[in-house]
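Novice:
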Amino acid sequence: MALIVQKYGGTSVGSPERIQAVAERVKRWYDKGDDIVVVVSAMSGETNRLIGLMRAISPEPDPREMDVVLATGEQVTIGLLSMALKELGLEAKSYTGTQVAIRTDSSFNKARIESIDDQRMRADLAERKVVVVAGFQGVDDLGNITTLGRGGSDTTGVALAAALGADECQIYTDVDGVYTTDPRVVPSARRLQRITFEEMLEMASLGSKVLQIRSVEFAGKYNVPLRVLSSFGEGEGTLITVDDEEDMEKPVISGIAFNRDEAKLTVRGVPDVPGVASRILSPVGDANIEVDMIVQNVSADGTTDFTFTVARGEMKKAVAVLEKVAAELGAREVIADDHIAKVSLVGVGMRSHAGVASKMFATLAKENINIQMISTSEIKISVVVEEKYLELAVRSLHTAFDLDAEAA
Ligand code: ADP
Ligand code: ASP
Ligand code: MG
């Protein structure tokens, strides 16, 4: 007998029929004798609908009240799923994050889980009840409702699995596993049987939204066996594993991630003297704007162009900060560009293989795609290109690095 945590995403609980299908799947596992804790998201589109309602009232809604509203989406699905399970003759009990209690810090909209009280869940499981928990939400020390950031139900699932010492955390979604790249963009993408935590973390951080970044961090830290699989069919899905040194067949590149969520800022004609990078980036950091890629070019006239990327939603705020810094530094101008996209190759195999970068650049050159920025780490290479070339870039790299599925 095993203890399994199953998390179902928005599409998987998107209608009464789908909630009933989830209940039937849960029952199949339960009937095998396993203890089941289910985590659910809000019905698909619901979280966006709630955000729309709030924006209609307030252009910048109060963060605490936002979480009060956002948490309602998941509260609906836990109740509905518990009813569906009861209709199938199972004993089920729903819990909001507060009721569990899933304790978080007080950073509304992006709270971090600090601890989970497992007593009520364990007592229910001991009575052979199915425990149904609302994803994406928690409660802070003062009793305020908090939410964990978009996609946060994945993290609830993994955190519960860690707290309960579950045998597996299963993330059920609308694709049947983790693919070499987003299968909605590249139809020839291939499902991976396994991927390491390290690679999955890079993929998620670089824009693959199949798992929330924090859920992968959590799973890696607490060694939670994690699997991504389809709620619509059968199959093994993708297992996220610790690095498998033994695997000699390991491909150099495991996947391609991409991100349209960034904007590029350039301060042109900055005097090329020590301390410039810090004078530009410190005020950006002080404004709470996170910087991703950075490039500094030296030009012939003793000035430099300083370029970096930020989240697209923060571009305007960053420009305002930079205009001020540019004036202080005597720089020529500030240029902002939100028609960019970042494409990244990810793979632990890169560690032992040279030539990945040159092959990447040659592939993009052959398609006449200009590379605007480059950044590398041990297991990834990212480039920024013009947004309109994103799909072409991903598809051509996918083919060049032999990631395409065999034609049937
Ligand atoms: P859920 O609502 O179940 O949490 P999400 O929409 O958050 O589902 O995540 C699943 C989606 O992630 C898929 O529909 C797919 O388009 C997207 N995705 C992006 N990159 C990948 C990838 N490498 N492998 C699989 N899916 C991916
Ligand atoms: N409902 C939340 C969202 O749409 C959390 C989740 O689905 O994981 O982001
Ligand atoms: Mg998700």
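So in numbering that gives the first Met the number 0, the last spot in the sequence shown is 407, and the numbers never skip.
Just so you know, even glycine gets a beta-carbon here, dropped at the ideal spot from N, CA and C.
#1: Below 8 Å on the Cβ atoms is my guess for Arg350 versus Ile368; work out the distance and round it to an integer in Å.
#2: Per the contact definition of three or more C-beta pairs closer than 8 Å, is the region 55 to 74 in contact with the region 24 to 35?
#3: What is the rounded straight-line gap between the Cα of Phe231 and the Cα of Asp173?
#4: Given a threshold of 16 other Cβ atoms within 10 Å of its Cβ, counted over all protein chains shown, does Ala407 qualify as buried or as exposed?
#5: In angstroms with no decimal places, state the Cα-to-Cα distance between Val384 and Ala364.
#6: What are the start and end residues of the alpha helix (DSSP H) that includes Asp30?
#7: Terminal residues of the continuous beta strand (DSSP E) containing Ala310?
#8: Would Glu73 pass as a contact of Gly8 if the rule is Cβ separation under 7 Å?
#9: What residue ranges within the region 79 to 149 form continuous beta strand (DSSP E) runs of no fewer than 3 residues, ordered along the chain?
#10: Would you call Tyr221 buried or exposed, if buried means 16 or more other Cβ atoms sit within 10 Å of its Cβ?
#11: Based on Cα-Cα distance, which residue from Val345, Ile279 and Ser114 lies nearest to Ala319?
#12: Give the DSSP bridge partners of Val294, in chain order.
#13: Which of the three DSSP states, helix, strand or coil, is assigned to Arg394?
#14: Please tell me whether Asp117 and Leu163 are closer than 7 Å, where the distance is taken between their beta carbons.
#15: Should Arg48 be labelled buried (16 or more other beta-carbon atoms within 10 Å of its own) or exposed?
#16: Hey, does Ser298 have any beta-carbon neighbour from chain D nearer than 7 Å?
#17: Is it true that the CB of Tyr171 sits closer than 7 Å to the CB of Arg190?
Specialist: Short version:
#1: Position 351 of the sequence shown, counting from 1, holds the residue named residue 350. Position 369 of the sequence shown, counting from 1, holds the residue named residue 368. Contact between Arg350 and Ile368 does not hold, since the beta-carbon distance rounds to 26 Å and is not under 8 Å.
#2: Output reads no: the region 55 to 74 does not touch the region 24 to 35.
#3: Counted from its first residue, the sequence shown places residue 231 at position 232. Counted from its first residue, the sequence shown places residue 173 at position 174. Approximately 7 Å between the Cα atoms of the pair.
#4: What you label residue 407 is simply residue 408 of the sequence shown in a count that begins at 1. At Ala407, the pLDDT of 48 sits below 50, so the modelled position is not reliable; the number obtained from the coordinates is stated separately. The residue is exposed, with fewer than 16 neighbouring Cβ atoms inside 10 Å.
#5: Residue numbering aside, residue 384 sits at position 385 when the sequence shown is read from its first letter. Residue numbering aside, residue 364 sits at position 365 when the sequence shown is read from its first letter. Rounded to the nearest angstrom, the two C-alpha atoms are 11 Å apart.
#6: The count along the sequence shown starts at 1 and reaches residue 30 at position 31. Note, Asp30: alpha helix (DSSP H), Pro15 to Asp30.
#7: For the purposes of this step, residue 310 is identified with residue 311 of the sequence shown, where counting begins at 1. Thr302 to Ala310 is the extent of the beta strand (DSSP E) around Ala310.
#8: Position 74 of the sequence shown, counted from the first residue, corresponds to residue 73. Position 9 of the sequence shown, counted from the first residue, corresponds to residue 8. Against a cut-off of 7 Å, the Cβ pair of Gly8 and Glu73 comes out as no contact.
#9: Within the region 79 to 149, the complete beta strand (DSSP E) runs of at least 3 residues are 91 to 94, 101 to 103, 112 to 115, 129 to 133, 136 to 138 and 144 to 146.
#10: Here residue 221 refers to the residue found at position 222 when the sequence shown is read from its first residue. With fewer than 16 other Cβ atoms within 10 Å, it is exposed.
#11: If you number the sequence shown from 1, residue 319 lands on position 320. When only C-alpha atoms are compared, the closest one is Ile279.
#12: Counted from its first residue, the sequence shown places residue 294 at position 295. Checking the DSSP bridge columns, you'll see Val294 partnered with Thr306.
#13: Position 395 of the sequence shown, counting from 1, holds the residue named residue 394. Assignment of Arg394 by DSSP, reduced to helix, strand and coil, places it in the helix class.
#14: Sequence index remark: in the sequence shown, residue 117 carries index 118 (1-based). Sequence index remark: in the sequence shown, residue 163 carries index 164 (1-based). It is a contact, given that the beta carbons lie within the stated cut-off.
#15: Walking along the sequence shown from the start, residue 48 turns up at place 49. Classification for Arg48: exposed.
#16: No chain D appears in this structure, which consists of one protein chain only.
#17: Stepping through the sequence shown from its first residue, residue 190 is reached at position 191. Stepping through the sequence shown from its first residue, residue 171 is reached at position 172. Contact: no.
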